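Residue numbers (the numbering used here), protein chains in the order written: chain A, 1 to 291; chain B, 1 to 515.
For each residue, glycine too, the CB sits at the ideal point set by N, CA and C.
Everything numeric in this text was worked out from a predicted model, so none of it was measured.
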Amino acid sequence: MDLRRTMLFMPGNNPGMLQNGGVFGADAIILDLEDAVAPQEKDAARLLVAEALRTIDYRASEKVVRINPLDTFARQDIKAIVPCGLDAIIVPKVESPEDIRQAARLVAAAETPGQAPVKLIALLETPCGIAEAYPIARADKRVAGLAFGAEDYTAALGAKRTKEGTEIFSARTIVVNSAAAAGIQSIDTPFTDVNDRDGLLADTALAKQLGFKGKLAINPRQIDDIHRVFDPTAQEIDWARRVIKAIRKAEAEGAGVASLDGKMVDAPIVARAERTLHLARLLGLAEGGLL
Amino acid sequence: MNQLTNAIGRSLPADVDGYGPVQPFAGAFATVPAMRRQAPKVKRILPGEQKLTADLAAVFKRIPVTDGMTLSFHHHLRNGDGVVNMVLAVAARLGLKNLTVALSSVFPVHAPLVEHVKNGVVTGLDTNYLSGPVAQAVSHGVFPRPVVLRTHGGRARAIECGQLKIDVAFIAAPAADEYGNLNGVAGPAACGSLGYAMPDAQYADHVVAITDYLLPFPLAPISIPQTRVDYVVKVDCIGDPKGIVSGTTKITRDPVGLKIAETTAKVIKATGLIKDGFSFQTGAGGASLAAAYYVRQMMEETGVTGSFALGGITGYMVEMLESGLFRKLIDVQGFDLEAVRSLAANPNHLEVGADFYASPFNLGAAVNNLDVVVLGATEIDTGFNINVVTGSDGVVMGGSGGHSDAAAGAKVTIVVANLLRGRLPIIMDKVLTATTPGETVDVLVTERGVAVNPRRRDLYEKLQAAGLPLKTVNELKALAEEIAGIPAAVTTQAKIVAIVEYRDGTVIDVVRQVK
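Written out as structure tokens, the structure is:
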């Protein structure tokens, strides 16, 4: 399971920020070639990002690049950055499975022999993209996640963005469901008011409740708060341990199902508990093994 | 020329032209004073005599100010100061030569000083902090004698011990009465505390108050009393309020600065010092304020009441006082209008002199009671020695101010710095100009890890237990060099342009002319 609680955008045309991308502890750093970069700076940013990928140590953070849309500079972006050792590409404004397949072909052509396959994350930010979410999620084996971008989406809908996010509720559930059905990750839209910490915490808690596995971040100050929400709590870890213990005991006794606190422990419950413990282990929160 | 080596391995000449014999730095607390305090001339004033004098030129004649004298000034008006330039213009007009200016800190507004040096009016400078055109002129060897760089506490010590003998102290007074009582909390140029002027007023042979805000006798509150003031001169304007106070000082929004500040707060928490009675000093810069922000959060969460906050006081510290997080503020220098307002109104906001704040040779400087101080650095070396005097090009751009004083006094001294400044590593084998000795520095916090001085094994264990990202200073240095390469060493000329005195008056380093 890849850890993508936070994916932090860094402008691809800012050497100072690119240099520091690894110090904030984000699970993934997104070097942005799209919205953060003015059209006249696209070529310079592409060179800078390629160089950053080759030379800067982003420590434990996954290296991700958001390229430009397929109908603009995506071809040049992919050719320049894929050989530089990145982990994944975010493809913006994906609207159909064919968009993903086209991106995958371009990536395959740009990969060097022996290079670990570059993953794709489809950014769904149009009504078409949301409508096609599941086919997009299954379009290619490189697709590791669906990310949701609410700003473009609501603009296209003609809906007003609100802090509580009523207008994006259905899109969020579609993204989560499509990703889960395809067995990949779902990453929630960023919270854009960087000075509203309570708002960020509430929005992230909602995303976690809906089933998202992570959230895009537009400011390093958001990272710790998002992690705090997505990290399993001590109670969740304790519950997960007790679930696994109960099911192991039931198996040893030859029973098909177990019960815990008067409730049946079945396969989905076990899967959730296993995921919680796996996440806890990845984060160093579950010392002492599973039980 | 005879050479000496001081306790941090700096090679120094035994004698420097224009400075005299060098007493090498022997260790932060190694030099024990064996002297008496100097005493100013005993003078009197008779009933009915007036101190108010028509203009500065008249004061120069009555004292009289003569060639070769040392004139002192304070820096509380900062980059809005009009008094230094005004006094030196009079000195130049009267044809005086070979004066020494003892100004506690030099700002860009003091640029005319360079011309006075070129014309021979001024030949010496004694200060704690230098910036702007004067700093550049020093680096390029414009001064005929080496500039003496002291600490804030060291300047007070030097005045008290007679090593910095002041003939005339010119005190910019935001408010004064005709009999020479002064304060900094009223008037158009209100600057708050007059702490750096207090030793000057106490020990100078002559004291001249210059004000643009004359109030009826007796003025209250009194920061500097009539008993130490010879003359009062009323002028139109002593300074530009825009340069004196900075308004509200803002917490940095730079994400790297915030990361460092947050890590710093975690370090402070890990030391276990955040408990009732906690005392704290930090600077007024955006990153230092951010550290204060996180410390404040921890104090609020744990219900801790601190004993005092110290140093340059900002509105943020005032808020902490007023919300009960600290019992007292000890204020040697105010940084904004909130600090001025609070000093005037709040009995728990204490105005103190530089000697009370930080002198190493008295029976109790406030820095000695500090739990934690957070300080900056332009360079740090693998022995934890800090440079806050010269920049990466070797040019003077600062000075110790209270850096060495607070570092020596505090139980835990934390230096915060970006591991990469621009594209240059901040850690090197040997800093270009040592200012604060490594033995008084405990922790270095950067955005890529925290290093603990090996002398503080106790702290290392506490920080390790708290899960902080610890590295050795050598590991951090290697990390920076991996990213940015090893910068070429700055080469300088042989000529010594400044002597860096440690707070006890020994020489910790010298600054040489840039090429």
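A Cβ of chain A is located within less than 7 Å of the beta carbon of E447(B). Contact annotation: R197(A) and D140(A) have beta-carbon atoms that are not nearer than 7 Å.
With respect to chain B, the C-beta atom of P220(A) has a partner C-beta closer than 7 Å. Taking 8 Å as the upper bound for CB-CB distance, R78(B) and A434(B) are not in contact here, some 26 Å apart.
Per the Cβ contact rule, the segment 128 to 138 of chain B is in contact with the segment 99 to 117 of chain B (3 or more Cβ pairs under 8 Å).
Cβ contact annotation for S342(B) (same chain, cutoff 6 Å, sequence separation greater than five): V318 and H349, in chain order.
In this structure, V229(A) sits near A205(A), with a CB-CB distance shorter than 7 Å. Interface annotation, N20(A): in contact with chain B, CB-CB separation under 7 Å. Residues A270, T271 and G272 of the same chain have their beta carbon placed closer than 7 Å to that of K462(B), with the five preceding and five following residues left out of the count.
For V256(B), the chain A residues whose Cβ falls inside 7 Å of its Cβ are N20 and V23, in order along the chain. From the listed residues G324(B), V101(B) and P112(B), the smallest Cα separation to P146(B) is found for V101(B).
The Cβ neighbour count for P221(B), taken over all protein chains shown within 10 Å, is under 16; the residue is labelled exposed.
Close CB contacts of V122(B) within its chain, under the 6 Å cut and outside five residues either way in sequence, are with L99, V101 and H116 (chain order).
Q19(A) sits buried, since 16 or more C-beta atoms from the chains shown fall within 10 Å of its C-beta. For secondary structure counted as the beta strand (DSSP E) over 3 or more consecutive residues, the segment 83 to 160 of chain B holds these complete runs in sequence order: 99 to 103, 122 to 127 and 147 to 149. In this structure, V229(B) lies away from I210(B), with their beta-carbon atoms at least 7 Å apart.
When the five nearest sequence neighbours on each side are left out, the beta carbons in the same chain lying within less than 7 Å of the beta carbon of K249(A) are those of A258, in order along the chain. Straight-line measurement puts the Cα of N385(B) at about 5 Å from the Cα of P437(B). The C-alpha of T382(B) lies about 29 Å from the C-alpha of G312(B).
For L444(B), the enclosing beta strand (DSSP E) starts and ends at V443 to T446. Note on the segment 213 to 238 of chain B: whole beta strand (DSSP E) runs with a minimum of 3 residues are 231 to 234, in chain order. Per DSSP, reduced to three states, the secondary structure at P135(A) is helical.
Counting the other CB atoms within 10 Å of its CB gives F29(B) a total below 16, which places it among the exposed residues.
Burial is judged here by how many other beta carbons sit within 10 angstroms of a residue's own beta carbon; T189(A) has at least 16 and is buried. For T435(B), the three-state secondary structure derived from DSSP is coil.
Less than 7 Å separates the beta-carbon of A410(B) from that of L370(B). Using a Cβ distance threshold of 7 Å, V431(B) and N387(B) count as a contacting pair.
Under the 10 Å beta carbon count, M35(B) is surrounded by fewer than 16 other beta carbons and is classified as exposed. For P255(B), the uninterrupted alpha helix (DSSP H) run begins and ends at P255 to T271, by DSSP. Three or more beta-carbon pairs separated by less than 8 Å link the segment 138 to 157 of chain A to the segment 165 to 178 of chain A, which places the two stretches in contact. CA-to-CA, the gap between V245(B) and L194(B) works out to about 14 Å. Chain order gives the chain A residues near I483(B) as Q19, T55, I56 and D57, where near means a beta carbon separation below 9 Å.
When 8 Å is used as the limit between beta carbons, K259(B) is near these residues of chain A: V23, F24 and P220, in chain order. Classified as exposed, N2(B) has fewer than 16 neighbouring CB atoms from the shown chains inside 10 Å of its CB. For V32(B), no alpha helix (DSSP H) encloses it, and the DSSP letter there is neither H nor E.
Only N418, L419, L420, G422 and R423 from the segment 407 to 431 of chain B bring a Cβ to less than 9 Å from some Cβ of chain A.
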